[in-house]
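Engineer: The structure under discussion is supplied below as structure tokens; questions concerning it will follow.
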Amino acid sequence: MKKITKETYINWYKDMLFWRKFEDKLAALYIQQKIRGFLHLYNGQEAVLAGALHAMKKNDKMITAYRNHVQPIGLGVDPKRIMAELLGKDTGTSHGMGGSMHIFSPEHNFYGGHGIVGGQIPLGAGLAFADKYFERDGVTLTYFGDGAARQGSLHETFNMAINWKLPVVFICENNGYAMGTSVERTANHEDIWKLGLGYEMPCGPVDGMNPVKVAEAMEEAIERARRGDGPTLLDIKTYRYRGHSMSDAQKYRTKDEVDEYRKIDPITQVLDVIKKKKYASENEIKEWDKEVKEKVAECQKFAEESPYPDKQLMYDIVYEQEDYPFLKHR
Ligand SMILES: Cc1ncc(C[n+]2csc(CCOP(=O)(O)OP(=O)(O)O)c2C)c(N)n1
Ligand SMILES: [Mg+2]
205 MKKITKETYI NWYKDMLFWR KFEDKLAALY IQQKIRGFLH LYNGQEAVLA
255 GALHAMKKND KMITAYRNHV QPIGLGVDPK RIMAELLGKD TGTSHGMGGS
305 MHIFSPEHNF YGGHGIVGGQ IPLGAGLAFA DKYFERDGVT LTYFGDGAAR
355 QGSLHETFNM AINWKLPVVF ICENNGYAMG TSVERTANHE DIWKLGLGYE
405 MPCGPVDGMN PVKVAEAMEE AIERARRGDG PTLLDIKTYR YRGHSMSDAQ
455 KYRTKDEVDE YRKIDPITQV LDVIKKKKYA SENEIKEWDK EVKEKVAECQ
505 KFAEESPYPD KQLMYDIVYE QEDYPFLKHR
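Under our numbering, think of the first position of the sequence shown as 205, with each following residue one higher.
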């Protein structure tokens, strides 16, 4: 296991706080109608990303669903470009043409950003298949929600991935709900990790509120995939404090339940260790908080001041078959 040091804790704190504040700003910009369409926030789930990044190596890839703003930041995409993408600006990761659910940056090993629930599960196995076929190093971390775990495509993918020993880790970010439907209402037991048993795929539950636990489980799974022993299914128990998207009355859960999870918040857990082990002074911590605030403000300024893309781009990025018989070519 790669050592978890003082620096690891400090980086986890700064990164997770930045992701949280970055998304708080997105929520505010959404209310001002500067961000349109859907906006699904990662608020509460940050340890799942922090732990994964600790365990990943250079050529490893990530693919996820629509809760996808902070993963690319973790992989090195400039957060200014992500904020710009959300505001529909030309300086965004896809010239503002993708928006919230479709952040994409293959040069940073980030493969989206997918709005069809479960659609990315077979795609993740496909990325892993390509790495194996072309004998490239690299493991693909394929994320999906507890709701997506109920999609049929998961089973076809699991079967192929274990049969061909693909270098993939299947990560269920189990935040307890698929929109307003709780995990307990979607099956006759709540242990999503048991879906691996039918395929004799290594599998198990993981505490997703603690980045140390996530890093340990991820490293074991990633190394298993890297040495050619195939996939693992991790059922990472996490929680989202905010609603599913921006308009969600949240009638399916109590405020007390949300408060219970806030007590084990990943950022607070990491900060507690920093304080207890005296890794930093109160002043240093205050300074980091200030830096985070300034970094978010820089992103907002960049995004708001960036121009919208040229209208022509809408036509240029759409696939068009010149000899298609029924539509007159433009
Ligand atoms: C195939 C498909 N069915 C339904 C939807 C509508 N939908 C969007 S998100 C969602 C819930 C998915 O929940 P989960 O997989 O647990 O992910 P979470 O939102 O909790 O991260 C649904 C049903 C969709 N986008 N695609
Ligand atoms: Mg969910």
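We put the CB at the ideal spot given by N, CA and C, even for glycine. The structure presented is a predicted model; accordingly, all values stated were derived computationally and were not measured.
Assuming V410 and D439 are in contact, meaning their beta carbons sit under 8 angstroms apart, how far apart are those beta carbons, in whole angstroms?
Structural biologist: Indeed they touch by this definition, with Cβ atoms about 7 angstroms apart.
Engineer: Which residue or residues does DSSP assign as beta-bridge partners of V410?
Structural biologist: According to DSSP, which records beta bridges pairwise, V410 is partnered with I440.
Engineer: For ligand 4, list every residue whose C-beta falls under 6 angstroms from any of its heavy atoms, going in chain order.
Structural biologist: In terms of ligand content, the structure shown lacks ligand 4 and carries ligand 1 and ligand 2 instead.
Engineer: Could you tell me how far apart the beta carbons of E423 and K206 are, in whole angstroms, since I believe they sit closer than 8 angstroms?
Structural biologist: With a Cβ gap of about 7 angstroms, E423 and K206 count as contacting.
Engineer: How should V416 be labelled, buried or exposed, when 16 other C-beta atoms within 10 angstroms of its C-beta is the threshold for buried?
Structural biologist: The residue in question, V416, is buried, as its Cβ has 16 or more Cβ neighbours within 10 Å.
Engineer: Any idea what DSSP makes of N487, helix, strand or coil?
Structural biologist: It is helical.
Engineer: Taking 7 angstroms as the limit between beta carbons, can you name the residues of its chain near M364, skipping five residues before and five after?
Structural biologist: Within the same chain, M364 has close Cβ partners A329.
Engineer: Given the structure, does V321 come close to ligand 1, in the sense that its CB is under 8 angstroms from one of the ligand's heavy atoms?
Structural biologist: Yes - ligand 1 has a heavy atom lying nearer than 8 angstroms to the Cβ of V321.
Engineer: Taking the alpha carbon of T344 as the reference point, which residue from F242, K455, A288, T268 has its own alpha carbon closest?
Structural biologist: Taking only the C-alpha atoms, the option nearest T344 is T268.
Engineer: Return the residue from the list L253, G241, Y465, Q525 that minimises the CA-CA distance to W216.
Structural biologist: Cα-wise, what sits closest to W216 is L253.
Engineer: Would DSSP call G280 helix, strand or coil?
Structural biologist: In this structure, G280 counts as coil in the three-state DSSP scheme.
Engineer: At a threshold of 8 angstroms, does R271 count as lining ligand 1 (C-beta to nearest heavy atom)?
Structural biologist: Indeed, a heavy atom of ligand 1 lies less than 8 angstroms from the Cβ.
Engineer: What is the rounded straight-line gap between the Cα of P406 and the Cα of E488?
Structural biologist: P406 and E488: Cα-Cα distance of roughly 42 angstroms.
Engineer: Closer than 8 angstroms to a non-hydrogen atom of ligand 1 - does that hold for the CB of H299?
Structural biologist: Answer for H299: no, Cβ out of range of ligand 1.
Engineer: Consult DSSP for Y521 and reduce its assignment to one of helix, strand or coil.
Structural biologist: For the sequence presented, residue 521 should be read as Ile rather than Tyr. The answer is coil: DSSP assigns I521 none of H, G, I, E or B.
Engineer: In the DSSP assignment, find the unbroken alpha helix (DSSP H) run with M220 in it and report its ends.
Structural biologist: Looking at the DSSP string, the run of the alpha helix (DSSP H) that includes M220 is 210-235.
Engineer: Buried or exposed, going by whether 16 or more other CB atoms sit within 10 Å of the CB of N378?
Structural biologist: Its Cβ being crowded by 16 or more others within 10 Å, N378 is buried.
Engineer: Measuring CB to CB, does K225 end up less than 9 angstroms from K494?
Structural biologist: For K225 and K494, no; Cβs fall outside 9 angstroms.
Engineer: Kindly give me the distance between the Cβ atoms of G380 and Y443, rounded to whole angstroms, as I take these residues to be in contact under 8 angstroms.
Structural biologist: Sure, about 6 angstroms apart at Cβ, within 8 angstroms.
Engineer: Nearest-angstrom Cα distance between A419 and E427?
Structural biologist: Roughly 12 angstroms between the two C-alpha positions.
Engineer: May I ask which residues mark the beginning and end of the beta strand (DSSP E) holding G349?
Structural biologist: G349 -> beta strand (DSSP E) spans 344-349.
Engineer: Can you name the residues that DSSP bridges to A382?
Structural biologist: T385.
Engineer: In three-state terms, what does DSSP make of V477?
Structural biologist: Reduced to three states, the DSSP call for V477 is helix.
Engineer: In the DSSP assignment, what residue or residues form a beta bridge with E377?
Structural biologist: For E377, which the question treats as bridged, DSSP gives the partners G349, I440.
Engineer: Here's a check: name, in chain order, each residue in its chain whose Cβ is nearer than 6 angstroms to the Cβ of G319, leaving out the five neighbours to either side.
Structural biologist: Same-chain partners within the cutoff: Y270, M305.
Engineer: Please report how far the alpha carbon of E184 lies from the alpha carbon of L233, in whole angstroms.
Structural biologist: The displayed coordinates of the chain run from 205 to 534. Any statement about residue 184 would go beyond what the structure contains.
Engineer: Considering only DSSP beta bridges, list what V372 is partnered with.
Structural biologist: For V372, which the question treats as bridged, DSSP gives the partners T344.
Engineer: Which residue or residues does DSSP assign as beta-bridge partners of F314?
Structural biologist: Answer is M266, S309.
Engineer: Using CA coordinates, which residue listed in Y337, M287, G342, G303 is at the minimum distance from N313?
Structural biologist: The shortest Cα separation from N313 among Y337, M287, G342, G303 belongs to G342.
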